[in-house]
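For the sequence shown, position 134 matches number 984 in our numbering, and the numbering has no gaps at all. Idealized CB from N, CA, C, for every residue including glycine. Please read these numbers as outputs of a predicted model, since none were measured by experiment.
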Amino acid sequence: MNPLDEKEIRESFVNCSKGEARRLNLPRGLSELPWADLDFLGWRDPGAPDRGYLVTERNGELVGVTLRLAQETRRSFTKGTICSICVTAHTGTGVALFTAPRVGAAGRQGNTVGTYICADLACSLYMRGRKKTDLGMDFETLTTEERVVRAVVNLEGFLDKVFDGSLSTTTS
Ligand SMILES: [Zn+2]
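Now the structure itself:
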């Protein structure tokens, strides 16, 4: 993706208040991020461990989504988990259940969408082999390009749910 600056990132958020978007902590070293290898910008809030953010392009527009780490009780029963965006297999702590408030009135009423994502939101780097999981193995048979295409589709599906029912979705 193209490098983003602070203003672009803060203005992209669609599922939180303007004040929250103004205050949230951006990733460290913004200008030094490996932008060319990122399909979306994802990061955990350096000052609020239960929060994460995801910024990507959707229908030609920059869209930022706030995520919150869900409280989970069943984690101990699973040995490994898979990211629902990039389909990377991790050990138990490598994937986390995040919830995103829906856009608009539904979100303000507490309506959220949950999905499992790489806990560090670094899907792009796992797919390109720039980051290794705790499993240390890659079970994928797809090429990097095929994985990226699949991840983009998965991410769009997630964003569709976040936007579901809001007026900002295009009506056909
Ligand atoms: Zn992932």
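Here residue 907 carries a strand assignment [DSSP, helix/strand/coil].
In this structure residue 938 is not in contact with residue 863, their Cβ atoms being roughly 25 angstroms apart against a cut-off of 8 angstroms. With a cutoff of 8 angstroms on beta-carbon distance, residue 992 and residue 941 are scored as not near each other.
Relative to ligand 1, residue 903 has its C-beta separated by 7 angstroms or more from all heavy atoms.
A distance below 8 angstroms separates the beta carbons of residue 895 and residue 875.
Residue 994: member of the alpha helix (DSSP H) spanning 994 to 1013, first to last residue. DSSP, reduced to helix, strand and coil, places residue 958 within a helical segment of the structure shown. Measuring C-alpha to C-alpha distances from residue 966 to each of 881, 907, 936 identifies 936 as the nearest. Pairwise C-beta distances place the stretch 877 to 890 in contact with the stretch 998 to 1008, as three or more of them are shorter than 8 angstroms.
At least one heavy atom of ligand 1 is found less than 7 angstroms from the C-beta of residue 933. Taking all protein chains in view, the Cβ of residue 994 is surrounded by fewer than 16 other Cβ atoms within 10 Å, so the residue is classified as exposed. In the DSSP assignment, residue 871 falls within the alpha helix (DSSP H) that extends over 868 to 873.
Rounded to the nearest whole angstrom, the CA to CA distance from residue 913 to residue 956 is 18 angstroms.
As the crow flies, the alpha-carbon of residue 902 is around 18 angstroms from that of residue 1006.
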